[in-house]
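So the structure is just underneath, and the comments pick up after that.
See the structure below:
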């Protein structure tokens, strides 16, 4: 969410500044179609990444029960690599930048459906709605709610200590944008940590559901005592 919010807000501006920097150095300035192209890529990669991630999870789960967080980790690490290349190549080639943005957003979207699925099968049914609400709130509060502002603050700080030119306008945003690949790598590391515990958490949730179901009465009990409930 942090990376997605920053990309949505700053990518068109960043690409436009890259074009101006190329023009300053004798390059050709492209027409201002960055927002349209980036928006189209985001729509396509969002659908494509969700489909690939969900299908990979379905096919590989029988091979490895911990595959869900591993797919998410792979997506975050791969996305961070592609995003870094997109950032550093923006001043050299706009088409190449869009290609790496396409792959970065596709890899990033691998975890969208999987994260929701993980949350549902490690939390007991009576607590899933609250768990979803907490997860979504924290995700956006620590992610896209503040990432555009943070990128802008860092870029402005760099600009204040550099020459006033279109080139340094671009470079300051480039340096600020490099926060995003770092955050993506950090997210991938947390998914790897999640993979160590997910199977035990899934079994605890399943066991709790079985304990709450009373075959003799044919009903599901909503009693979630602290001794049995999943934290």
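In the working numbering, the protein residues as written are 566 to 796.
Every residue, glycine too, gets a C-beta built ideally from N, C-alpha and C.
Just so you know, these numbers come straight off a predicted model, no measurement behind them.
Helix, strand or coil, according to DSSP, for residue 759 in the structure here? helix
DSSP on residue 722, reduced to helix/strand/coil? DSSP places residue 722 in helix when its eight states are reduced to three.
Comparing C-alpha positions only, which one of 578, 704 and 587 sits nearest to residue 567? 704
Near residue 650, which residues of its chain fall below 6 Å by C-beta distance, leaving aside the five closest residues on each side in sequence? Close CB contacts of residue 650 within its chain, under the 6 Å cut and outside five residues either way in sequence, are with 665 (chain order).
Unbroken alpha helix (DSSP H) runs of length 4 or more, entirely within the stretch 585 to 644: which are they? The DSSP assignment places complete alpha helix (DSSP H) segments of no fewer than 4 residues inside the stretch 585 to 644 at 599 to 625, in order along the chain.
In its own chain, which residues sit with a C-beta less than 7 Å from the C-beta of residue 669, not counting the 5 before and 5 after it? The answer, listed in chain order, is 644, 647, 648 and 651.
Go ahead and pull the three-state DSSP assignment for residue 570. helix
Using a Cβ-Cβ cutoff of less than 6 Å, which residues in the same chain neighbour residue 759 once the five nearest sequence positions on both sides are dropped? 634
Applying the criterion that 16 or more other CB atoms from any shown protein chain within 10 Å of the CB defines a buried residue, is residue 641 buried or exposed? buried
Determine, using beta-carbon pairs with one atom in the stretch 679 to 692 and one in the stretch 652 to 664, whether at least three such pairs fall under 8 Å. no
Starting from residue 734, trace the alpha helix (DSSP H) in both directions and tell me its first and last residue. 731 to 742
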